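Numbering (the UniProt record's numbering), first residue to last: 1 to 568.
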C-alpha cells in the first residue's frame, strides 16, 4: 500500500526550500520537527499516522506589500509568456501546416511542447527543493526564450518541433516555480487570491493569444507569434532578479553532486522515454500506420515496459524519487492529479480544434478564428474570480471541483453538436459553458495539493500536479488528431469523392479554398465538420471522468487552524 502524505500546511507558514537532511543511501532517516504530524488519508481511503520528512529550516525573507506586488508582477509576466505560447499557436497552426506542408505534424506542434513539460516537471519540483529557487526560475525563463527563438527562426517543420521542445523545458520550470514562490511568500489562507491572480493572467493571455496569433499570422507572419515572447520574458526576468529574495539557508548538508543525484535523473529519463514512445505510437496511429501495425504496437509495448520500470524505480527510491509514492498516494493529491489530467485533455482538445472548426468548417481567417474563441477563454476569467473568491469565502474546494467538471462536460456535449451553419448565439454560449468548467481543472488541483501537503512537499506536489496537467494536454492533442484524421479519411470519400484524400490531408485548412474547386468546397467543409465532431466527443468523455475524480477528493478546509509544532 502506498504511504500517506503529511497533514495540511499550518495557516501562515511559509515554504521551506532547504536541502533535505537525510542520507543518500537511507531514505528512512527523515526527521523534522518543523513538519507537523497527523492522520491523513491515502489514495485508497485508508488512514494512518505519518510523520513529516526532514528539511533543514530556511530563514524566509519577508517581503513588504510593494515588493510582493512587484514580485507578483514578475511572476505574472512569466506566466503571461507561457500562456501566450500555449494559445497563440492555436490559430497559427493552420497557417504553419500550410507553410511547411505538414498537416500530419499538427499533433507534434502541441504535444512536443507538453511532452518536455510533462517529463521534466517532476524533476523541477525536486530541483526547487535542493537548489536556489531564484536561480532555477531564471534559468527557466532563459531556456523558454531560447526555444521561442528557435520556433521563430524555423525553416522546417522539424526545426519548429525542436524549438517547441526547448520552450517546453523552460515552461516546466516556470509554472510550478511561480506556484512555489507564491507558497513561499503567501500564507495558505490568502493563497487562493494570489493563485487566482496568476490564473487570471493565464486566462487573459489565453484570450488575447488566439487574437494576437491571428492578427500576426494574417498581417505579418506566424513567426512573430514567437518573437513577441522575447521582450516580455526579458521584463519578467529583470523583475524577478530585482524583487525576489529567496529564503536564506541556515544549513546545507549536501554537496552539489549529492543534490544532482537527489534529482533522480534515471527516473526522469525513464518517464520521458516512456512518454515519447506513447506519443510516437499515437502520432503514427491514424496518420501513418493502422492501429495493428507492428511499429505502433512496438512503441506501445516499449511504453508499457519503460513505464513499468519507471514505477518500480520510483518505489525503490521512495522519498528520493522524482515522484515520491507517498506524495502521489495521498488521497487528495492522487485524485486531484487525475482530475487535472482529464480536464486538461478536454480543454486542450477545444483550444486546438475550435480554430479548425472556424477556419476549415466555417471558412474564417486565422484572425477571425481567434476572435471567435474569445468566449471560451474569456469565461476563464469569470471562473478565476468565482473560484478565488468562493474558496476563500467558503474555505473548501471540493464543491467547486465537482461543479467545474459538470459544467465542462455539459459545455463539451453542446460543442459537439455544432454544425457548419450554427449561429453565433450557439457557439458563443457553448464556449462560455465549457470555458467556465475548464478553468477548474487548471486552478483547483494546485490549491488542493497545497492544502494537504507539508511545506517541504509542496514544490514536489505542485510539480506532480503540473506534470499530470501537461501530460493530459499532450495525450489529448495526439489522440484528438488521430480521431480527426480518421474522421477526415472516412468522410471525404463520402461527401467529396471527387477530391483526392491526400490533397486535403497535405493542405492546411487555411488553403482549402485555393486548392479545392468552389463546387466541391462545401462538401469538403462538411467532411471537416464531421471529423472535428469525433475529436470533440473526446472532451465529453474526459469531462465525465473528471466528475468521478472530484467525488473522491477530501473535504479539506483551507481555513483550518492547526497547532504549531514544537520547535527543537
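Glycine included, every Cβ here is placed at the ideal spot set by N, Cα and C. Here the structure is a predicted model, which means the values were calculated and not measured.
Cβ atoms of residue 174 and residue 78 come within 8 angstroms of each other, at about 5 angstroms. Of the residues 148, 73, 389, the one whose Cα lies closest to the Cα of residue 89 is 148. Taking the Cα positions, residue 485 is about 10 angstroms away from residue 288. Around the C-beta of residue 219, fewer than 16 other C-beta atoms lie within 10 Å, and the residue is accordingly described as exposed.
In the structure shown, residue 285 falls within a strand segment according to DSSP collapsed to helix, strand and coil. DSSP, read as helix, strand or coil, puts residue 517 in coil. Assigned with DSSP and collapsed to three states, residue 196 falls in helix. Rounded to whole angstroms, the separation of the alpha carbons of residue 197 and residue 262 is 33 angstroms.
Looking at the DSSP output, residue 396 shares a beta bridge with 557. When only Cα atoms are considered, residue 470 and residue 524 end up about 33 angstroms apart. With respect to the C-alpha of residue 311, the residue from 164, 348, 271 having the closest C-alpha is 271. Of 493, 422, 553, the smallest CA-CA separation from residue 400 is found for 553.
Across the set 379, 340, 221, 227, the C-alpha of 340 shows the shortest separation from the C-alpha of residue 547.
When secondary structure is reduced to three states using DSSP, residue 330 falls in the strand class. By the criterion of at least three beta-carbon pairs nearer than 8 angstroms, the segment 446-456 is not in contact with the segment 204-218. Here the segment 529-548 makes contact with the segment 412-432; the two share three or more CB pairs at distances below 8 angstroms.
The segment 154-173 makes no contact with the segment 358-367, as fewer than three CB pairs between them are under 8 angstroms. With contacts defined as CB atoms closer than 7 angstroms, residue 476 and residue 348 qualify as a contacting pair. By the C-beta criterion, the segment 96-116 is judged to be in contact with the segment 264-280, since at least 3 inter-stretch pairs fall below 8 angstroms. Taking C-beta atoms as the reference points, residue 534 and residue 483 count as a pair closer than 7 angstroms.
Here the alpha carbons of residue 426 and residue 443 stand approximately 27 angstroms from one another.
Burial is judged here by how many other beta carbons sit within 10 angstroms of a residue's own beta carbon; residue 487 has at least 16 and is buried.
A residue is called buried once 16 or more other Cβ atoms fall within 10 Å of its Cβ, and residue 208 is buried on that count. Around the beta-carbon of residue 516, 16 or more other beta-carbon atoms lie within 10 Å, marking it buried. Contact between residue 459 and residue 323 fails: their C-beta atoms lie close to 12 angstroms from each other, not under 8 angstroms.
For residue 463, same chain residues with a beta-carbon under 7 angstroms away, outside a window of 5 residues either side, are 121, 122, 124, 125, 176 in chain order. Ranked by Cα distance from residue 395, the options 448, 346, 86, 238 are led by 448. If only complete runs of 4 or more residues are kept, the segment 430-496 shows the alpha helix (DSSP H) at 458-495, in order along the chain. Just measuring C-alpha positions, the residue of 474, 445, 472 sitting nearest residue 461 is 445. Scanning the segment 337-381 from its first residue to its last, the whole alpha helix (DSSP H) runs of 4-plus residues come out as 366-372. In this structure, 393 is the residue among 499, 393, 143 with its C-alpha nearest to the C-alpha of residue 557. Take residue 436, set aside five residues on each side of it, and the residues of its chain with a beta-carbon closer than 6 angstroms to its own are 379, 383, 407, in chain order.
Excluding residues up to 5 positions away in sequence, 388, 392 lie with their Cβ nearer than 7 angstroms to the Cβ of residue 193 in the same chain. Across the set 237, 98, 419, 184, the C-alpha of 237 shows the shortest separation from the C-alpha of residue 144.
The Cβ atoms of residue 550 and residue 321 lie no closer than 7 angstroms to each other.
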